[in-house]
Structures are given as C-alpha cells and as structure tokens.
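A.B. asks:
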Amino acid sequence: MAVATSDSILARSLITDRRSTNFGLKNEVCRGKVVPCRAGGKVKGKGKGRVEVKAVVQIGGLEEVKKAKDEMDLDVVSEEELREKGFLGMRKTKLVCTIGPACCSLQDLEKLALGGMNVARLNMCHNTRDWHRDVIKKINQLNEEKGFCVSVMIDTEGSQIHVLDHGAPSSVKAEEGSTWLFTAQKLEGSPPFAIQANYEGFSEGIEVGDELVIDGGMASFQVIEKVGNDLRCKCTDSGLFLPRAKFSFWRNGKLVARNSELPTLSKKDWADIEFGVSEGVDFIALSFVNDADPVRQLKNYLYMRSSRSTRVLAKVESLESLQKLKEIVEASDGIMVARGDLGVEIPYEQIPTVQEEITRVCREMNKPIIVASQLLESMVEYPTPTRAEVADVSEAVRQYADALMLSGESAIGPYGQKALSILQMASSRMELWSREENRQSILHQRRLGVSLPDRIAEQICNCAVEMANNLGVDAIFVYTKHGQMASLLSRNRPYPPIFAFTSDNGTRMALNLQWGVIPLLVELSDDDMEANISTTIELIRRKGMLKPGDVVMVVSDLTPTHINSTAFQSIQVKTVV
Numbered sequence: 001m002a003v004a005t006s007d008s009i010l011a012r013s014l015i016t017d018r019r020s021t022n023f024g025l026k027n028e029v030c031r032g033k034v035v036p037c038r039a040g041g042k043v044k045g046k047g048k049g050r051v052e053v054k055a056v057v058q059i060g061g062l063e064e065v066k067k068a069k070d071e072m073d074l075d076v077v078s079e080e081e082l083r084e085k086g087f088l089g090m091r092k093t094k095l096v097c098t099i100g101p102a103c104c105s106l107q108d109l110e111k112l113a114l115g116g117m118n119v120a121r122l123n124m125c126h127n128t129r130d131w132h133r134d135v136i137k138k139i140n141q142l143n144e145e146k147g148f149c150v151s152v153m154i155d156t157e158g159s160q161i162h163v164l165d166h167g168a169p170s171s172v173k174a175e176e177g178s179t180w181l182f183t184a185q186k187l188e189g190s191p192p193f194a195i196q197a198n199y200e201g202f203s204e205g206i207e208v209g210d211e212l213v214i215d216g217g218m219a220s221f222q223v224i225e226k227v228g229n230d231l232r233c234k235c236t237d238s239g240l241f242l243p244r245a246k247f248s249f250w251r252n253g254k255l256v257a258r259n260s261e262l263p264t265l266s267k268k269d270w271a272d273i274e275f276g277v278s279e280g281v282d283f284i285a286l287s288f289v290n291d292a293d294p295v296r297q298l299k300n301y302l303y304m305r306s307s308r309s310t311r312v313l314a315k316v317e318s319l320e321s322l323q324k325l326k327e328i329v330e331a332s333d334g335i336m337v338a339r340g341d342l343g344v345e346i347p348y349e350q351i352p353t354v355q356e357e358i359t360r361v362c363r364e365m366n367k368p369i370i371v372a373s374q375l376l377e378s379m380v381e382y383p384t385p386t387r388a389e390v391a392d393v394s395e396a397v398r399q400y401a402d403a404l405m406l407s408g409e410s411a412i413g414p415y416g417q418k419a420l421s422i423l424q425m426a427s428s429r430m431e432l433w434s435r436e437e438n439r440q441s442i443l444h445q446r447r448l449g450v451s452l453p454d455r456i457a458e459q460i461c462n463c464a465v466e467m468a469n470n471l472g473v474d475a476i477f478v479y480t481k482h483g484q485m486a487s488l489l490s491r492n493r494p495y496p497p498i499f500a501f502t503s504d505n506g507t508r509m510a511l512n513l514q515w516g517v518i519p520l521l522v523e524l525s526d527d528d529m530e531a532n533i534s535t536t537i538e539l540i541r542r543k544g545m546l547k548p549g550d551v552v553m554v555v556s557d558l559t560p561t562h563i564n565s566t567a568f569q570s571i572q573v574k575t576v577v
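Numbering (UniProt numbering), first residue to last: 1 to 577.
1) Do the stretch 95 to 107 and the stretch 397 to 416 make contact, defined as three or more Cβ pairs closer than 8 Å?
2) Would you call the stretch 149 to 163 and the stretch 123 to 134 in contact, with 3 or more CB pairs under 8 Å?
3) Under a Cβ-count criterion, where at least 16 other Cβ atoms within 10 Å of its own Cβ denotes burial, should residue 183 be classed as buried or exposed?
4) What's the C-alpha gap between residue 312 and residue 337?
5) Taking just the CA atoms, how far does residue 471 sit from residue 270?
6) Please report the straight-line C-alpha distance between residue 391 and residue 217, rounded to a whole angstrom.
7) Where does residue 559 land, buried or exposed, given buried means 16+ other C-beta within 10 angstroms?
8) Does DSSP put residue 523 in a helix, in a strand, or in coil?
9) In chain order, which continuous runs of the beta strand (DSSP E) of length 3 or greater are located wholly inside the stretch 312 to 368?
10) Kindly examine the ligand SAM and report whether one of its heavy atoms sits closer than 6 Å to the Cβ of residue 307.
11) Identify every residue that forms a DSSP beta bridge with residue 371.
12) Label residue 367 either buried or exposed according to how many other C-beta atoms from any shown protein chain fall within 10 Å of its C-beta, with 16 as the threshold for buried.
13) Assuming residue 163 and residue 246 make a contact with CB atoms under 8 Å, what is their CB distance in whole Å?
14) On a CA-only basis, which of 305, 427, 370, 257 is nearest residue 345? Give me that one, please.
15) Taking C-alpha atoms, which residue in 118, 290, 552 lies nearest to residue 423?
16) Following the continuous beta strand (DSSP E) through residue 570, name the residue where it begins and the one where it ends.
17) State buried or exposed for residue 227, treating a residue as buried only when at least 16 other CB atoms are found within 10 Å of its CB.
18) Name, in chain order, the residues that DSSP records as bridge partners for residue 235.
19) Which residue wins for smallest C-alpha separation from residue 549, given the options 522, 479, 484, 473?
20) On the three-state DSSP scale, how would you describe residue 656?
21) May I have a chain-ordered list of the beta strand (DSSP E) segments no shorter than 3 residues that lie completely inside the UniProt domain "Pyruvate kinase C-terminal" (458 to 558)?
22) Would you kindly work out how many angstroms separate the C-alpha atoms of residue 304 and residue 201, rounded to a whole number?
23) Alpha carbon to alpha carbon, how far is residue 190 from residue 272? Give it in angstroms, no decimals.
24) If you follow the alpha helix (DSSP H) that residue 136 is in, where does it begin and where does it stop?
25) Assign residue 575 to one of three DSSP states: helix, strand, or coil.
26) Which residue or residues does DSSP assign as beta-bridge partners of residue 107?
27) Tell me the rounded alpha-carbon separation between residue 536 and residue 317.
28) What residues in its chain sit with their C-beta under 7 Å from that of residue 268, if we drop five residues either side in the sequence?
29) Roughly how far, in whole angstroms, is the beta-carbon of residue 371 from the beta-carbon of residue 401, given that I think they are within contact range, below 8 Å?
30) Out of 307, 347, 339, 295, which has the shortest C-alpha to C-alpha gap to residue 324?
31) Can you tell me whether residue 33 is buried or exposed, with buried defined as 16 or more other CB within 10 angstroms of its CB?
32) With DSSP as the reference, identify every bridge partner of residue 288, one or two as the case may be.
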C-alpha cells in the first residue's frame, strides 16, 4: 500500500479488491487540490486478486468544519491523562474494580473513577438488589454530572454447590487449630465457628480426613467428623474467611469431583440478569461456565429481551472450562480468568502458562480478556503490596491482557484506592518498557472474517496497525457503529492509542474493556464521512489535545449510504496544521 505523507499533507490510500465493490475514489492531485478525474491508476498484478492502489494528496490544513453539533463526550480522566502524558503516554490496559461496602459511597466511587477505574463490577453473590441499584445509580450520576465513562458489570453467583457463608458482613479470621461446623441447616445471624453451605448435598461423598480449601487457599480445614450431612472440621491453615466464600474438597492431593445436576444459571442468576437488564448494565459475567451452551442461551435471551447491546463474559474457573476453552471464547463477548478458583482445580505451577494461553486465544479470536483474582491480595489487609504481586501484575500486562481486576482489594479492603493506583502505575510502566524494548507481541493472524467485507476490514486493521507503528503516528482514529474495527485494531496492540468515535452509547461503554481504546460519543453522519473526520479532529484540536505537527491515522467501518463515499474501509493519514 502506497501512502504519500509530508508536513501539512493529507494522504488517503485506498485498496480495493477487483472482485469487490468499487468504493468510488476517482480523484487525482492537480496543483495541490483534489479534483475529479477519470478512473485509472491501475496497478497490474498477477492472478485474480489484482489490487488497485489510489492515493490522494491535499496540500494545506484541515477542511473547514461543516455545521455540526459542537459536542463530544471524552471522559475527563482520559482528557487529563492526554494533556499530562501525551498520546503515547496514555495507559492502554483497562482497570476493573469490584464495588463493595468499602467503596460504595458517591465520594469513594468518584475517587476510583478519578484513579482510572474503567469498569465497576458488582458481585451478585453479595448484598441486596436495592444496594446494587443504588451503586448503579451513583455511577450513572458520576458519568452524567462529572464527565466520567465508567461501565457497569454484574457477576452472577452461579451454582451454589460451591458457596459457603458465615453470616457476617465482612471477613472472619479462622485460626489454626480451631474447630468449625459446616452445615446445610439455616443459621440465624452469625454464630461463632459455624458455616452454612448453600447446597444440601455439599458433603456427599466426603470422607473423614479430606481437606476443605476456602477460596483457593485463603484458609484450609481437615474433616475430623461427619454427622449426617454436617461436617466438623479443624483449621489447618489459618486465614481470612470472606462472606459467601467458595470451597473445594481435596483427597490425597487430588480434587474431589463434585457431580451436580445444578444448571450453570440458577433461578437467582436469572432474576439477577433480569435486574441487570432493567438497570441497563453493560456487561454480564457468567460464573462456572463449563461449556458454550449457557453463554449462547443468555445471549439469545438478551437479544430477544432488550434492544440494548449487553455483552456476555464467560468466567474461566474450572478444568472443564479449560477443556472447552475455544468454543467458550468463540461464543462469548469476552473472558474473565478467575485465577483463584482455577488454581483450585489445576496445579499452582500451571497457572502462569494457562493464563498466557487463554490470553493468546482471546487475542486471536478478538475477544477482550480480564485477568482477575489475587492480583494485590495482600492489600486486603496491608497498605503496600508484595513485590511478587507487582511482578504478577506486570506479567499480565506484558502478556497484553485487556484488563486487570481488583476483587477484595477494593470491595472490602481499606486501601482500595491505593491498590488501584498501583495497578495504574505498574501497567503504565510495563507498557512503556514493552514499547521502548520494541517487544511487540507477534500474533498468529487467525482469519476471523468470513464475508468479503469482514475480511477487508480485518486486513485493513492489520495493515493500519503495522503502518501506524512504522510511521510513528500519534494516534489512530476509528469511526465505528458497533465497535468492530476498533476491536480489530486493539487486537493488534498498536503503539499509539485508539480513539473510537461512535454515536451509539452501548458501543462506547462496551469498548471500555478493549485494550488501548478510548471511546468517545459523538454525532456521526452516515452520508458524509469526510465531515465526520473533519469535525471530530477539529473538536479535539479546540480542546487543545491536538497540536500542529501531530499525525493521526483514520479508519472507519461506517457503511456509506451512497456509493461515492471515499472514506469507507480506507486508511487515511492526516497531519494537523
């Protein structure tokens, strides 16, 4: 692809497959102006896949902005970061915070948003729906009144066979040597040394001497007596016992299989999903997904239930989900790696390589991935993380995960804002180091598109990122309706940030989870793509975030309403004057 660029020059390169639609670019350069001309400029090639390459150059500054709505929603955090650090200094890894009693006030939520929270996660295992509704209301208020762009995710509880509860609102310390009763009988209040299981058959097949592990190792117990369905256990490894903790049984170093006919989505999950849809949440994360069927089932339900595009994420947290990973990734809109639960079912030493493999598969299939669980676990109690935890965070960033997630660190810990700032600093530093060391991750280019237009869009994004990195452009601007080309650009992990302009708020909130994408809500014309480009560039320039000499690359997946559109499925390079 040939591109003409120089100071104060606009360059447009368009590739068209001779078997596809002619996108109508019939211009040539004449004394520094773009004028109509006869079709031509064919580049001869071999075989049926000959390609026409046409370039247009316009000398001078940007065209005069046509009359348009002088408004563009760029969130205040990205705007401030851009002013302070410049385009290449902007953080690309997204940050997810679990909201709990430690950070549910309007003031605390605002501090998290200012600290870089892109997505607020609500765990439906905890608190009431009224509590969750209040948090969603506060987040929406901050977005509308303060100029933030924070998406909302709900996380379903999943099969209750794995859940225990001590009844207290916060964590309880289990001391080594203490004896505890685990029962399926309903407990009133929070009696000491008593734990309620939420599934009557929780102890089926369990024997005296088996090990009971809480939340992947937060605390451990040994079964010393079995009375009916109840278990009396002795604490062998002291630790924190969180509300509605997950548990597993081990025997002779192997996980005890838990056969249950309970569905992935319980009645409570469906009620929580209905609540989330009514509240307009942006993401729904499914717990204990072992195959693609529940993902497809939920997506079909959401399609029939609501016109709003709610994305479905699958949580990979079991051996079964690993065995069917590709089909789950393909069916879902994204993946969350729940390493705590996953670490219960596979050996510890396999977690790093499994995490990297899941990240690679998600990138190949163009699905965002969240690395979750125990990133800064020590900060649930202490104000500083361990160096090993920081190294773990940096490794996830090095693997090009789309997002990192805080769980108990923000939900119940007293240092949630500090934990978020550590994620922000560690990810920004690792991104900078990767770029300085030219450690561009080589991605196996798995072809995603089936139809010709989709394949063209995919190839344009692949080429655009390579060009952007080689040319050293400051930013990539993409104009998108459903986020397709923005995600394809993100998949290739370019050095410059991706500014995604969309007129659909659902698309904007969904793109909050994509690596390197800064979504902006702006009115876009279906008829005049050049006006969209000129208007948005001028709006950003007026905000003082573009300066003379900055170079931006422009791509679009907006379908033109007339055949003579010149910007559809094209790559443009613009130098600001």
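Quick reminder that beta carbons are idealized off the backbone N, C-alpha and C, glycines included. A quick note: this is a predicted structure, and the numbers were derived from the prediction, not measured.
C.D. replies: Concretely, from the data shown:
1) yes
2) yes
3) Here residue 183 corresponds to residue number 183 of the sequence shown, with the count starting at 1. Residue 183 is buried by the Cβ-count criterion.
4) In the sequence shown, residue 312 corresponds to position 312, counting from 1. In the sequence shown, residue 337 corresponds to position 337, counting from 1. Roughly 14 Å between the two C-alpha positions.
5) Walking along the sequence shown from the start, residue 270 turns up at place 270. Walking along the sequence shown from the start, residue 471 turns up at place 471. Taking the straight line from one Cα to the other gives about 50 Å.
6) Counting from 1 along the sequence shown, the entry for residue 391 is found at position 391. Counting from 1 along the sequence shown, the entry for residue 217 is found at position 217. For residue 391 and residue 217, the distance between alpha carbons rounds to 20 Å.
7) Along the sequence shown, read from residue 1 onward, the residue named residue 559 stands at position 559. Under this definition residue 559 is an exposed residue.
8) Reading the sequence shown from its first residue, position 523 is the one you call residue 523. Looking at residue 523 - three-state DSSP - the assignment turns out to be coil, as it is neither helix nor strand.
9) 334 to 338
10) This structure lacks the ligand SAM, and indeed carries no ligand of any kind.
11) Stepping through the sequence shown from its first residue, residue 371 is reached at position 371. Residue 371 is bridged to 337, 404.
12) Translated into the one-based positions of the sequence shown, residue 367 becomes position 367. The residue in question, residue 367, is buried, as its Cβ has 16 or more Cβ neighbours within 10 Å.
13) The residue labelled residue 163 in the question sits at position 163 within the sequence shown. The residue labelled residue 246 in the question sits at position 246 within the sequence shown. At roughly 6 Å, the Cβ-Cβ gap stays under 8 Å, so residue 163 and residue 246 are in contact.
14) Along the sequence shown, one-based indexing puts residue 345 at 345. Of the listed residues, the one whose Cα sits closest to residue 345 is 257.
15) Indexing the sequence shown from 1 puts residue 423 at position 423. Considering only alpha carbons, the answer is 118.
16) Translated into positions along the sequence shown, residue 570 becomes position 570. No beta strand (DSSP E) contains residue 570, which DSSP labels as neither H nor E.
17) For this step, residue 227 is matched to residue 227 along the sequence shown. Result: exposed.
18) Numbered from its first residue, the sequence shown carries residue 235 at position 235. Beta-bridge pairing links residue 235 to 221.
19) Translated into positions along the sequence shown, residue 549 becomes position 549. When each option's Cα is compared against that of residue 549, the closest is 473.
20) The displayed coordinates of the chain run from 1 to 577. Any statement about residue 656 would go beyond what the structure contains.
21) 475 to 479, 498 to 502, 517 to 521, 551 to 556
22) Your numbering for residue 304 matches position 304 in the sequence shown. Your numbering for residue 201 matches position 201 in the sequence shown. Their Cα atoms are separated by approximately 35 Å.
23) Along the sequence shown, read from residue 1 onward, the residue named residue 272 stands at position 272. Along the sequence shown, read from residue 1 onward, the residue named residue 190 stands at position 190. Each residue's alpha carbon lies about 25 Å from the other.
24) The residue given as residue 136 occupies position 136 in the sequence shown. Looking at the DSSP string, the run of the alpha helix (DSSP H) that includes residue 136 is 129 to 146.
25) On the sequence shown, position 575 is the one that residue 575 refers to. Looking at residue 575 - three-state DSSP - the assignment turns out to be strand.
26) Within the sequence shown, the letter at position 107 stands for residue 107. DSSP lists no partner for residue 107.
27) For this step, residue 536 is matched to residue 536 along the sequence shown. For this step, residue 317 is matched to residue 317 along the sequence shown. Each residue's Cα considered, the two are about 42 Å apart.
28) Numbered from its first residue, the sequence shown carries residue 268 at position 268. 157, listed in sequence order.
29) Within the sequence shown, residue 371 is the residue found at index 371, counting from 1. Within the sequence shown, residue 401 is the residue found at index 401, counting from 1. With 8 Å as the limit, residue 371 and residue 401 qualify as a contact, their Cβ atoms being about 5 Å apart.
30) Taking the sequence shown and counting its residues from 1, one reaches residue 324 at position 324. The shortest C-alpha separation from residue 324 is found at 295.
31) As a first step, residue 33 must be located in the sequence shown, where it is residue number 33. For residue 33, the predicted model reports a pLDDT of 31, less than 50, meaning its position is unreliable; a value from the coordinates is still stated below. The residue is exposed, with fewer than 16 neighbouring Cβ atoms inside 10 Å.
32) Taking the first residue of the sequence shown as position 1, residue 288 is located at position 288. Answer by DSSP bridge pairing: none, since residue 288 is not bridged.
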